[in-house]
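Single-structure report; data block below.
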Amino acid sequence: MGADNIVEIENLTVEFAGDGAAVRAVDTISLSIPRGSAVGLVGESGSGKSTVVGALLGLLAPQALVVAGTIRFDGINIARLPKAQRRSLLGSRIGTVFQDPFASLNPAIRVGRQITEPLIRHRRVSRMEAAKQVRALLHDVGFADPAAVMHAYPHQLSGGMQQRALIATAIVCGPSLLVLDEPTTALDVTIEAQILDLLKALRRSHGLSMLFVSHNLGAVKTLCDRVDVMYAGQIVERSDARTIFSAALHPYTKGLIASIPRLDRAGRRSRLAAIPGKVGGSAARLLGCRFEPRCPFAADRCRTEPQRLIPHVSGGEAACWRLDELRETAWPVATNQRANRREAGTEVLIDAEHLGKIFSSARLRLNLDRRIGAVPLRWHRSPFRAVDDVSLTIGRGEVLGLVGESGSGKTTLGRLLLHLIPATVGSTRFDGEPVDAFDRRAPRAFRRNAQIVFQNPDSSLNPRHRVEEIVRRPIVRLTDASMSTADRRVDELLELVQLPHAYRRRYPHELSGGEKQRVGIARALATNPRFIVCDEPVSALDVSVQATIVNLLDDLRAEFELAYLFISHNLAVVAHIADRIAIMYRGRICEMGTRDEILDRPSHPYTRTLLSSLVDVAGNPSSALDRSLPRTPPCGSNFTAAAEQTETTLTWLSDTHWMRSESVPDAGNDGAIAPIRHKS
Amino acid sequence: MALPLGNTVAQPAWRRPALRGKLLVGGALLGIIVLLALFAPIVAPFPPEELHVADRFQAPNAIYLAGTDELGRDVLSRTLYGSRLSLFLGLAATFIAMLIGIPLGLLAGYSRGWLDELIMRLLDVMMSFPPIILILLVLAVMTPNLAKTALVVGLLYVPAVARLARSVTLSIAAEDFIQAARARGESRLYILFREIMPNAWPPLVVDASLRVSFAILLAAVLSFLGFGVQPPQADWGLMISQSRSFLQISPWIALTPGIVMCLTVVSLSLLGDGLREHLDPRLRHGPGL
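Protein sequence lines, in the order shown, are assigned to chains V and B.
Take the position in the first sequence, starting the count at 1, then add 148; the result is the number in our numbering.
Take the position in the second sequence, starting the count at 1, then add 38; the result is the number in our numbering.
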């Protein structure tokens with residue numbers, strides 16, 4: 149191949165040593181990155197994409213072994229290089245940005261030093277000169293005050309700022325290749341959009357080649373020229389990023405694209421498409437097409453014949469022998485089952501009034517009010533309003549979507565409604581009965597009726613309890629059922645969440661992420677509750693799995709007339725399941741309305757920013773709305789004089805749609821927060 | 039049986055780690071010592087307090103495998119019987135420390151707030167005394183005996199065990215399954231012992247294995263100072279103490295219990311290290327040992 153490729157990976161095979169047979173994480177893949185272009189590598193967890201990056205960077209886990217293949221960087225086979233030389237490539241010629249910006253920065257070292265260090269080490273410039281260059285670079289990556297950022301410690305920067313600082317670290321030595329491993333996955337959508345914009349700009353201005361690894365096809369599309377789709381250790385499709393959404397070749401890619409929740413009117417009403425099953429590790433699969441067990445188009449030949457990338461007239465390649473035949477065939481979507489769903493009742497189930505939660509901690513603190521530079525040390529109490537004057541109702545069988553970025557108070561609000569934490573002010577009624585009188589020890593009846601599903605499937609199940617113990621416990625604890633009745637109920641529940649009976653005896657680590665989430669749902673359903681708080685139930689899952697869980701929750705709600713508070717940072721997911729949507733910003737609900745009202749007529753500036761940040765299925769920003777909301781940390785408000793005096797008024801846009809506008813009242817107001825009028 | 043599901047392609051290698059060398063060697067060595075101590079009446083060639091006045095200060099030979107002491111008692115037999123006392127002390131003290139320390143640590147770590155402060159500050163006060171002084175103080179006002187020594191040594195280790203238990207609890211209490219338990223109104227006791235404890239024990243077990251050897255050494259020091267086991271019984275520490283005047287003419291009297299004590303400590307350390315590797319937090323997704 150020509151020398152115009154900055155990276156050429158040929159027939160790379162990586163195996164992990166296991167108990168018995170070695171597990172092949174990457175199987176004979178070839179991948180090249182033309183100089184100056186950006187290549188996306190997309191796949192679900194377990195597809196081997198991170199292993200490819202590890203092999204390229206020489207950062208594989210000790211039990212991983214490169215069995216075969218060559219990796220050339222700029223014409224040199226780097227797998228053969230001595231370790232020291234290979235290390236010096238990293239940082240100087242290859243820049244890397246990883247997923248979690250906070251974990252990638254050393255919390256004990258000032259940001260400035262972390263960025264100048266590679267420059268001093270690899271380029272051997274003086275400290276003064278390095279600092280000068282870094283200041284200029286920090287300006288390039290979007291910091292208004294580079295000097296202050298250089299003096300800050302990582303925890304003083306927000307997630308988006310940390311990621312910008314990391315990008316600066318990655319490109320400070322002027323590398324020719326930038327490897328991005330899920331760089332925006334840990335960020336809020338509004339920040340994600342900004343980081344993608346930045347990367348796009350840097351690519352042009354610095355002439356970078358990029359390898360962009362992500363599970364997010366939309367993000368890949370905005371940044372890359374070409375997309376390589378990986379499945380089970382192999383590349384199954386290689387296409388132009390601009391056409392992959394409209395003309396995906398491989399069935400797997402079609403499935404991936406179909407399972408992305410869509411915001412447009414038609415999309416949000418339809419049921420999410422899902423890819424059944426999971427990335428299988430079965431050794432028997434080595435012979436035929438690896439995607440065959442999950443593929444709706446599978447034929448006999450798929451089972452017996454290994455698939456290789458076949459070029460297609462469109463210019464792309466895909467590893468499917470039915471390529472041409474399936475060209476026009478779309479991923480099958482289950483017929484619209486949402487039609488027969490019950491209309492949400494008008495009867496109010498949850499009624500919360502003026503809920504507020506203040507966390508306060510007294511400690512010695514760096515006072516960061518003004519700017520990052522000067523940091524007087526002060527002892528002060530810092531009451532923190534996580535949730536501020538929230539009133540809402542949820543009807544019987546109704547789904548209220550709660551959307552907001554991290555730190556906006558969504559989770560706290562959910563826990564307040566469940567009385568897992570005591571509210572500072574406000575009251576809630578459940579089915580007409582006040583619950584607050586019982587404080588933390590809410591009575592059995594309430595606990596039986598109000599349950600929760602968590603975000604992180606690894607954390608939500610006790611790793612030392614078997615599935616059956618996990619699901620049975622709420623029944624034993626909260627109902628009077630006998631042990632044998634409870635056992636029968638466990639079987640019913642597992643069936644309900646579509647898990648095989650044999651899973652009863654399993655421990656959580658023996659399940660995949662989606663299966664764990666199903667167990668979590670079964671546990672929440674165990675006592676036949678009427679209200680479930682779903683706290684980001686799908687955000688830790690792959691997009692194809694996410695679809696199945698959302699569909700499952702939707703079906704269960706229809707079957708049992710469940711009411712959900714569906715918390716998510718992803719408006720598109722919420723759009724699929726919610727009847728009404730509340731947008732939360734800095735501890736307050738800033739806009740609430742029916743789904744269509746919020747999506748079609750967003751009124752609050754923050755709602756508009758949120759919508760415009762979403763990358764739609766075609767990979768284009770969904771609208772040309774303003775993206776430049778003044779960026780302040782999205783946390784709940786601290787007690788400041790200004791916050792105390794902010795007067796909020798609700799503007800009713802329709803019977804069901806309102807927006808909160810805030811204004812600082814005229815001098816002379818005694819500072820009391822004006823009472824908020826809610827329509828009855 | 040079918041292949042275990044849930045295996046993704048990149049399943050790491052640690053599913054069922056083999057018993058590692060350290061664990062095996064440490065366990066085997068300790069097992070032998072414990073068995074010898076348990077069966078001392080059968081294994082020991084002589085009763086431990088039987089005097090052989092004619093055979094005083096015998097060097098190791100065919101009859102007295104480890105020689106005899108100043109009263110003609112068989113050193114090997116005395117060491118074997120002494121093992122029972124020393125091992126009992128080590129195990130009992132550790133057991134007491136864990137029995138009190140773990141619940142305190144769990145409670146402090148899960149409750150946080152004033153209860154946490156109260157428990158931890160009280161333990162800090164305890165820790166601020168030099169251990170030997172504290173023990174001597176207590177034992178000086180009571181007539182020393184084996185049970186009391188074990189109790190005092192055990193109490194001395196309570197703060198350390200409690201601190202470890204607390205820090206482990208802090209991280210587990212932040213997990214969502216604890217919230218889930220609270221969402222179904224579980225009692226604090228249930229959450230502590232059914233939800234947290236099963237996840238907290240690996241580091242505690244590792245700590246315990248090392249603590250047994252600390253306790254044995256501390257008990258030996260106390261016996262050496264005369265505050266532990268009382269003659270004519272003798273644990274390892276007392277044997278060494280009593281023989282110190284004869285160290286130059288018959289070193290075997292001190293060496294034999296000394297070597298066994300070393301072996302015990304080494305085997306416990308190996309066992310602890312092995313357990314640590316086996317139960318490493320990164321490997322902790324396994325259902326158990």
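Note that the Cβ used here is the ideal one computed from N, Cα and C, for glycine as well.
**OP:** Go ahead and pull the three-state DSSP assignment for Arg258 (chain V).
**Re:** Indexing the first sequence from 1 puts residue 258 (chain V) at position 110. In the structure shown, Arg258 (chain V) adopts coil according to DSSP, grouped into three states.
Original post:
Are the C-beta of Leu242 (chain B) and some C-beta of chain V separated by less than 8 Å?
Top reply: The residue given as residue 242 (chain B) occupies position 204 in the second sequence. Taking a beta-carbon distance threshold of 8 Å, Leu242 (chain B) does not count as an interface residue toward chain V.
Subject >> Within chain B, partners of Ile680 (chain V) - CB distance below 7 Å >> reply: Residue numbering aside, residue 680 (chain V) sits at position 532 when the first sequence is read from its first letter. What Ile680 (chain V) touches in chain B: nothing, since even the nearest Cβ is about 10 Å away.
Original post:
Counting only beta-carbon atoms, is Leu160 (chain V) nearer than 8 Å to chain B?
Top reply: Walking along the first sequence from the start, residue 160 (chain V) turns up at place 12. Judged by the 8 Å Cβ criterion, Leu160 (chain V) is not in contact with chain B.
Original post:
Which runs of the beta strand (DSSP E), 3 residues or longer, sit entirely within the region 231-268 of chain B?
Top reply: Within the region 231-268 of chain B, no complete beta strand (DSSP E) run reaches 3 residues.
Subject >> Residue of B:Ala92, B:Thr117, B:Ser247 minimising C-alpha distance to Pro79 (chain B) >> reply: For the purposes of this step, residue 79 (chain B) is taken as residue 41 along the second sequence, with counting starting at 1. Nearest C-alpha to Pro79 (chain B) among B:Ala92, B:Thr117, B:Ser247: B:Thr117.
**OP:** Please list the segments of the alpha helix (DSSP H) lying wholly inside the region 153-200 of chain B, counting only runs of 4 or more residues, in order along the chain.
**Re:** Here the runs fully enclosed are 169-179.
**OP:** Quick one: list the residues of chain B neighbouring Gln599 (chain V), beta-carbon separation under 7 Å, in chain order.
**Re:** Position 451 of the first sequence, counted from the start, is the residue given in the question as residue 599 (chain V). Those are Ala221, listed as they occur along chain B.
**OP:** Check whether the Cβ of Gly366 (chain V) lies closer than 7 Å to any heavy atom of the ligand SAH, and answer yes or no.
**Re:** This structure does not include the ligand SAH; it has no bound ligands of any sort.
**OP:** Hey, could you find the ends of the alpha helix (DSSP H) His829 (chain V) is sitting in?
**Re:** Nothing in the structure corresponds to residue 829 (chain V), since chain V is present only between 149 and 828.
Subject >> Between the CA atoms of Pro753 (chain V) and Leu503 (chain V) - distance to the nearest angstrom >> reply: Reading the first sequence from its first residue, position 355 is the one you call residue 503 (chain V). Reading the first sequence from its first residue, position 605 is the one you call residue 753 (chain V). Computed Cα separation, rounded: 23 Å.
**OP:** Pull up the distance between the alpha-carbon of Ala467 (chain V) and that of Leu371 (chain V), whole angstroms please.
**Re:** Residue mapping note: residue 467 (chain V) aligns to position 319 of the first sequence, counting from 1. Residue mapping note: residue 371 (chain V) aligns to position 223 of the first sequence, counting from 1. Just so you know, the alpha carbons of Ala467 (chain V) and Leu371 (chain V) end up roughly 24 Å apart.
**OP:** My understanding is that Ser418 (chain V) touches Val691 (chain V), with C-beta atoms under 8 Å, so please give their C-beta distance in whole angstroms.
**Re:** Here residue 418 (chain V) corresponds to residue number 270 of the first sequence, with the count starting at 1. Here residue 691 (chain V) corresponds to residue number 543 of the first sequence, with the count starting at 1. By a beta-carbon distance limit of 8 Å, Ser418 (chain V) does not contact Val691 (chain V). Their separation comes to about 16 Å.
Original post:
How big is the Cα-Cα spacing for Arg220 (chain V) and Ala389 (chain V)?
Top reply: For the purposes of this step, residue 220 (chain V) is taken as residue 72 along the first sequence, with counting starting at 1. For the purposes of this step, residue 389 (chain V) is taken as residue 241 along the first sequence, with counting starting at 1. Going from the Cα of Arg220 (chain V) to the Cα of Ala389 (chain V) covers about 24 Å.
Subject >> Closest by C-alpha distance to Arg352 (chain V), when choosing among V:Arg312, V:Gln262, V:Ala688, V:Ala186 >> reply: Taking the first sequence and counting its residues from 1, the one referred to as residue 352 (chain V) is at position 204. Nearest Cα to Arg352 (chain V) within the set V:Arg312, V:Gln262, V:Ala688, V:Ala186: V:Ala186.
**OP:** Below 8 Å on the Cβ atoms is my guess for Pro249 (chain V) versus Ala334 (chain V); work out the distance and round it to an integer in Å.
**Re:** To locate residue 249 (chain V), count along the first sequence from 1; it is residue 101. To locate residue 334 (chain V), count along the first sequence from 1; it is residue 186. The C-beta separation of Pro249 (chain V) from Ala334 (chain V) comes to about 7 Å, placing the pair in contact by the 8 Å criterion.
Original post:
Closest Cβ-Cβ distance between Phe95 (chain B) and chain V: below 8 Å?
Top reply: Along the second sequence, one-based indexing puts residue 95 (chain B) at 57. Not one chain V Cβ lies under 8 Å of Phe95 (chain B).
**OP:** Check each candidate in B:Gly264, B:Val163, B:Leu276 and name the one with the smallest Cα separation from Met299 (chain B).
**Re:** Looking up residue 299 (chain B) in the second sequence gives position 261. For Met299 (chain B), the closest alpha carbon among the candidates B:Gly264, B:Val163, B:Leu276 is that of B:Leu276.
Original post:
What's the call for Trp152 (chain B), buried or exposed, on a 16-neighbour Cβ count within 10 Å?
Top reply: By 1-based counting over the second sequence, the position of residue 152 (chain B) is 114. The residue in question, Trp152 (chain B), is exposed, as its Cβ has fewer than 16 Cβ neighbours within 10 Å.
Original post:
Applying a beta-carbon distance threshold of less than 7 Å, which residues of chain V neighbour Glu155 (chain B)?
Top reply: Taking the first residue of the second sequence as 1, we reach residue 155 (chain B) at position 117. Neighbours of Glu155 (chain B) on chain V: none; closest Cβ ~13 Å, over 7 Å.
Original post:
Should Val722 (chain V) go down as buried or exposed, given a rule of 16 or more other Cβ atoms within 10 Å for buried?
Top reply: The residue labelled residue 722 (chain V) in the question sits at position 574 within the first sequence. Label assigned to Val722 (chain V): buried.
**OP:** With DSSP as the reference, label Ala278 (chain V) as helix, strand or coil.
**Re:** Working through the first sequence from its first residue, we reach residue 278 (chain V) at position 130. Here DSSP, grouped into helix, strand and coil, assigns Ala278 (chain V) to helix.
**OP:** Mark Val601 (chain V) as exposed unless 16 or more other C-beta atoms lie within 10 angstroms of its C-beta, in which case mark it buried.
**Re:** What you label residue 601 (chain V) is simply residue 453 of the first sequence in a count that begins at 1. Buried.
**OP:** Can you give me the Cβ contacts of Phe164 (chain V) inside the same chain, cut-off strictly under 7 Å, excluding the 5 residues immediately before and after it?
**Re:** Numbered from 1 along the first sequence, position 16 holds the residue referred to as residue 164 (chain V). Cβ within range, chain order: Ala170, Val171, Ala173, Gln211, Ala212.
Subject >> Glu562 (chain V): first and last residue of the uninterrupted alpha helix (DSSP H) it sits in >> reply: Looking up residue 562 (chain V) in the first sequence gives position 414. Checking the sequence shown, residue 562 (chain V) turns out to be Gly, not Glu. Its alpha helix (DSSP H) spans residues 558-565.
**OP:** Scan the region 201-212 of chain B for residues whose Cβ lies nearer than 7 Å to a Cβ of chain V and list them as they occur along the chain.
**Re:** If the cut-off is 7 Å between Cβ atoms, the region 201-212 of chain B has nothing near chain V.
Original post:
Using a beta-carbon distance cut-off of less than 9 Å, what residues from the region 616-640 of chain V approach chain B?
Top reply: Under the 9 Å Cβ criterion, the region 616-640 of chain V contributes Ile618, Arg621, Pro622, Arg625, Leu626.
Subject >> Given Ala75 (chain B) as reference, the closest of B:Ile138, B:Pro289, B:Val304, B:Trp274 once Cα atoms are compared >> reply: For this step, residue 75 (chain B) is matched to residue 37 along the second sequence. Of B:Ile138, B:Pro289, B:Val304, B:Trp274, the residue nearest in Cα terms is B:Trp274.
**OP:** Sort out for me which residues DSSP pairs Trp290 (chain B) with in a bridge.
**Re:** Position 252 of the second sequence, counted from the start, is the residue given in the question as residue 290 (chain B). DSSP, once it has assigned bridges, lists no residue as partnering Trp290 (chain B).
**OP:** Give the DSSP bridge partners of Gly188 (chain V), in chain order.
**Re:** Here residue 188 (chain V) refers to the residue found at position 40 when the first sequence is read from its first residue. Paired residue(s): V:Phe360, V:Val375.
Original post:
Mapping DSSP to helix, strand and coil, what is Val797 (chain V)?
Top reply: Within the first sequence, residue 797 (chain V) is the residue found at index 649, counting from 1. The question names Val, but residue 797 (chain V) in the sequence shown is Thr. DSSP places Thr797 (chain V) within a strand segment (E or B) once states are collapsed to three.
Original post:
Taking C-beta to C-beta, are Pro582 (chain V) and Gly661 (chain V) nearer than 8 Å?
Top reply: Against the first sequence, residue 582 (chain V) aligns to sequence position 434. Against the first sequence, residue 661 (chain V) aligns to sequence position 513. For Pro582 (chain V) and Gly661 (chain V), no; Cβs fall outside 8 Å.
**OP:** Alpha carbon to alpha carbon, how far is Glu553 (chain V) from Pro531 (chain V)? Give it in angstroms, no decimals.
**Re:** What you label residue 531 (chain V) is simply residue 383 of the first sequence in a count that begins at 1. What you label residue 553 (chain V) is simply residue 405 of the first sequence in a count that begins at 1. Note on geometry: alpha-carbon atoms of Pro531 (chain V) and Glu553 (chain V) lie some 21 Å from one another.
Original post:
Which value, in whole angstroms, describes the spacing of the CA atoms of Pro270 (chain B) and Gly120 (chain B)?
Top reply: On the second sequence, position 232 is the one that residue 270 (chain B) refers to. On the second sequence, position 82 is the one that residue 120 (chain B) refers to. Approximately 11 Å, taken between the alpha carbons.
Subject >> is_contact[Glu315 (chain B), chain V] using C-beta, thresh 8 Å >> reply: Counted from its first residue, the second sequence places residue 315 (chain B) at position 277. By this cut-off, Glu315 (chain B) is not an interface position.
Subject >> Contacts that Arg808 (chain V) makes with chain B (C-beta to C-beta distance below 9 Å) >> reply: Counting from one through the first sequence, the residue named residue 808 (chain V) turns up at place 660. The contact set of Arg808 (chain V) on chain B, defined by CB atoms closer than 9 Å, is empty, because the minimum CB distance reaches about 29 Å.
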